[in-house]
Each structure stands twice: as C-alpha cells, then as structure tokens.
Amino acid sequence: MKKIRLSLLLIGVIAFTACEKEKEDAVNSVDKTGSIETELSVEHMDTADILITKHKIWKDKKLFKEIIKKDTIPSLGDTLVGGEDSDGNEHIAKTKKDYEFFITVQ
1 MKKIRLSLLL
11 IGVIAFTACE
21 KEKEDAVNSV
31 DKTGSIETEL
41 SVEHMDTADI
51 LITKHKIWKD
61 KKLFKEIIKK
71 DTIPSLGDTL
81 VGGEDSDGNE
91 HIAKTKKDYE
101 FFITVQ
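Everything in the sequence shown is counted per my numbering, starting at 1 for the first residue and increasing by one.
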C-alpha cells in the first residue's frame with residue numbers, strides 16, 4: 001500500500017510539473033465580477049522563512065477586501081547552485097532552498 005501511495009504521489013508531481021512547464025492553465029486576468037485571487041510566496045530570512053499569503057476578494061468588479069497574512073516557518077537551509085556570469089565564467093553560489101507549493105481547491 002505504501003508503494004502505491006508513493007507511486008501515485010510521484011505520478012502527481014510529474015503531471016503537475018509537466019502542466020506547469022506548458023502553462024496551459026495560466027490565467028492572464030482575473031474575473032473580477034466575483035472571485036478570490038490568491039498569491040503565495042516565501043521570503044527568506046537568516047534563520048527562518050516568512051510565508052506570505054495574500055487574498056484579494058473581488059465583487060462587482062471592485063476590490064472588496066484584501067487579506068494579507070505572514071507566518072514564520074523554518075528555513076530549509078542552503079543549497080549550492082551553479083551558474084555562468086556574463087563573461088562565460090562558471091561559478092557556484094550558495095542560496096536558500098525554496099519550499100514547494102501544493103494547493104488543493106475545493
């Protein structure tokens with residue numbers, strides 16, 4: 001049963017990644033007659049991260065309310081990333097690891 005769950009999770013992650021690259025579901029504008037627009041982001045600090053959740057509630061083409069919530073969450077630490085500068089020189093830099101977002105809409 002555990003292997004089946006892991007396999008299903010991996011299939012879901014692969015499918016989500018494939019959809020993300022194609023951006024076939026990307027929304028260019030929000031229907032402001034009646035919708036909730038949500039933005040999630042993480043701001044990296046020295047020893048912790050800040051999860052920022054923003055909701056914009058639209059009704060009758062007007063911004064009814066904006067809700068912003070900030071929560072401190074643990075940092076995932078650092079990771080090394082390779083890159084190339086404008087002169088073509090390769091270098092390795094340390095950067096903060098990013099959280100992955102998985103969203104369920106009901």
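By construction, the Cβ of each residue, glycine as well, lies at the ideal position given by its N, Cα and C atoms.
Owing to the predicted nature of the structure, the values given are computational and were not obtained by experimental measurement.
Measuring only the C-alpha atoms, how far is residue i from residue j?
i   : j    : result
H55 : N89  : 42 angstroms
K69 : L51  : 8 angstroms
K32 : K65  : 12 angstroms
I36 : I57  : 5 angstroms
K94 : D78  : 6 angstroms
E84 : K96  : 18 angstroms
H91 : G82  : 6 angstroms
P74 : F102 : 17 angstroms
Y99 : V30  : 26 angstroms
L80 : K61  : 45 angstroms
Along the chain, where does the beta strand (DSSP E) that runs through residue i open and close?
i    : result
K35  : It should be pointed out that residue 35 corresponds to Ser in this sequence rather than to Lys. G34 to H44 is the extent of the beta strand (DSSP E) around S35.
V105 : Note, V105: premise wrong, no beta strand (DSSP E); not H, not E.
V81  : D78 to E84
T53  : A48 to K59
D71  : K62 to P74
A26  : Premise fails: A26 is in no beta strand (DSSP E) and is neither H nor E.
K94  : E90 to K96
Among the residues of its own chain, which have a CB less than 6 angstroms from the CB of residue i, if the five just before and after it don't count?
i    : result
T108 : In this structure the chain extends from 1 to 106, so residue 108 is not present and cannot be described.
S41  : I52
Who are the near neighbours of residue i in its chain, counting only those whose CB is closer than 7 angstroms to its CB and skipping five residues on each side?
i    : result
K59  : G34
T72  : A48 and I50
E43  : D49, I50 and I52
L123 : Nothing about residue 123 can be read from this structure; the chain reaches only from 1 to 106.
V105 : none
Does the beta-carbon of residue i, which I'm using as the reference point, lie nearer than 6 angstroms to any heavy atom of the ligand NAD?
i   : result
E84 : This structure does not include the ligand NAD; it has no bound ligands of any sort.
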